[in-house]
Amino acid sequence: MRFSSKAMPIIAAAALGLGAAASAAAQEADTAIKGFVVDQEGEMGVGTSDPQETLHVAGDSLTEGLIKGGGLDGQFGASAVINGFDVRYGQRPFVLVYGGTGSAQSDIQIHAINPVDPTQSIFKTFIIDHPLDQERHLVHASLEGPEGAVYYRGSAQLEDGAARIALPPYFEALTRDGDQTIQLTNIDGFDRLAVQTRDGARIVDGAFTVVSENGNSAQRFDWEVKAVRADGPPLEVEPARGSIGVAGVGPYTYQTDLQSGQ
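Here it is, written out as structure tokens:
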């Protein structure tokens, strides 16, 4: 272990008659612990005289590079716990990369994102193993929009010129009435399709009905429903800079209360 000129020297425990404990810490007038201690269980405390883990850091920590973990419990236990990382706006965030098995050193990695890299500072991405080439990753980016929305999609076929499409039972409770759209795309045919309304509503009792001018049509089609979520307020798309607080880094930014910062 190497120390700078500002660091205190390590004092061997045996030389001080402290048994298995060692210390290079000093208690200052304000009761703060400066330096580190190692207790008789081999637990090291930095900034604390009472370490609770193998390494217990009380205060800010700076890490440059990669933190790796292995020997985890996999699916039967906690694969990774990251708590207390405070990433302020304009600084580098941490990203957890989890391999999935919880058994190899490479399964848990914590990376610091470089906000100068446009792929890291602009797009929300996910990275998975390439399904066809084990020598490659597959990288996709999120699709953004000026509203908090959900979508549902599927395929169906008319029977005698009509088809009823049932959505998930929670759809109407989750989405805002009137902020719903339905798109239809023909498959192998050109029969005209339309969404049939009831009292002006397209989605009633969690379902919608597709009809054709041809009363005998068996037209196949794809459908997609998009809707705005009802469990939050509408997004303020173009707020003035001084009207909101912003937390996070790069694509992982979010609006906070200007006074509390939360």
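Under the working numbering, think of the first position of the sequence shown as 67, with each following residue one higher. Beta carbons: idealized from backbone N, C-alpha and C, even for Gly.
How many angstroms separate the CA atom of Ser283 from the CA atom of Ile248? It is roughly 20 Å from the alpha-carbon of Ser283 to the alpha-carbon of Ile248.
Val303 burial status per 10 Å Cβ neighbour count (16 or more: buried): Taking all protein chains shown into account, Val303 has fewer than 16 neighbouring C-beta atoms within 10 Å of its C-beta and is therefore exposed.
Please look up how many angstroms separate the CB atoms of Ala232 and Gln223, rounded, as I've assumed it's under 8 Å. Actually they do not touch by this definition, with Cβ atoms about 14 Å apart.
The ligand HEM heavy atom lying under 7 Å from the CB of His122: Within the structure as shown, the ligand HEM is missing, as the structure has no ligands at all.
Please report the straight-line C-alpha distance between Ile253 and Asp288, rounded to a whole angstrom. C-alpha separation (whole angstroms): 7 Å.
Nearest-angstrom Cα distance between Gln321 and Asp243? Rounded to the nearest angstrom, the gap between the Cα atoms of Gln321 and Asp243 is 25 Å.
Counted within 10 angstroms of its Cβ, other Cβ atoms place Ile200 as buried (16 or more) or exposed: At residue 200 the sequence reads Gln, which differs from the Ile that was named. So Gln200 ends up on the exposed side.
Whole beta strand (DSSP E) runs in the region 189 to 247 with 3 or more residues, listed along the chain? You should have 191 to 195, 203 to 207, 215 to 223 and 228 to 232.
For the beta strand (DSSP E) that contains Thr263, what are its first and last residues? Note, Thr263: premise wrong, no beta strand (DSSP E); not H, not E.
Cα-Cα separation, Gly281 to Asp257: Rounded to the nearest angstrom, the two C-alpha atoms are 10 Å apart.
Using the Cβ count rule (16 or more neighbours within 10 Å means buried), how would you classify Pro234? It is exposed - the Cβ of Pro234 has fewer than 16 other Cβ atoms within 10 Å.
Can you tell which of Lys292, Gly311, Val315 and Leu240 has its C-alpha closest to the C-alpha of Asp323? Selected option, being the one with the closest Cα: Gly311.
Whole angstroms are fine: how far does the CA of Ala313 sit from the CA of Ser208? Looking at the two C-alpha atoms, the distance is approximately 19 Å.
By alpha-carbon positions, which one of Gly214, Arg295 and Glu238 ends up nearest to Ala273? Ranking Gly214, Arg295 and Glu238 by Cα distance to Ala273 puts Glu238 first.
Excluding sequence positions up to five away, which residues of its chain have a Cβ less than 8 Å from the Cβ of Arg295? Residues Gly214, Ala215, Val216, Leu240, Thr241 and Arg242 of the same chain have their beta carbon placed closer than 8 Å to that of Arg295, with the five preceding and five following residues left out of the count.
Gly108 to Gly101 span [Cα, whole Å]: Pairing Gly108 with Gly101, the inter-Cα distance amounts to about 16 Å.
Should Ser221 go down as buried or exposed, given a rule of 16 or more other Cβ atoms within 10 Å for buried? With fewer than 16 other Cβ atoms inside 10 Å of its own Cβ, Ser221 counts as exposed.
Give the single residue among Leu128, Ala260 and Val123 whose Cα lies nearest to the Cα of Gly227. The shortest Cα separation from Gly227 among Leu128, Ala260 and Val123 belongs to Ala260.
So, Tyr277 versus Tyr218, is the Cβ gap smaller than 8 Å? Checking the sequence shown, residue 277 turns out to be Val, not Tyr. For Val277 and Tyr218, no; Cβs fall outside 8 Å.
With respect to the beta strand (DSSP E) encompassing Thr275, which residues constitute its N-terminal and C-terminal limits? Per DSSP, Thr275 belongs to the beta strand (DSSP E) from Ala273 to Ser278.
Local conformation of Gly108 per DSSP, three classes: Three-state DSSP puts Gly108 in coil, outside helix and strand.
Where does Gly311 sit, in a helix, a strand or coil, going by DSSP? Strand, per DSSP.
Delimiting residues of the beta strand (DSSP E) encompassing Asp288: Counting along the chain, the beta strand (DSSP E) containing Asp288 begins and ends at Arg286 to Arg295.
For Ser309, which residues of its own chain have a beta-carbon under 6 Å away from its beta-carbon, when the five flanking residues on both sides are left out? Excluding its 5 nearest sequence neighbours in each direction, Ser309 has no C-beta neighbour in its own chain below 6 Å.
Indicate the three-state DSSP secondary structure (helix, strand or coil) for Asp323 in the structure shown. Three-state DSSP puts Asp323 in coil, outside helix and strand.
Would you give the residue range spanned by the beta strand (DSSP E) that Val123 belongs to? That run of the beta strand (DSSP E) goes Leu121 to Val123.
Give a yes or no on whether the C-beta atoms belonging to Pro300 and Phe189 are separated by under 8 Å. No, Cβ-Cβ distance for Pro300 and Phe189 is not below 8 Å.
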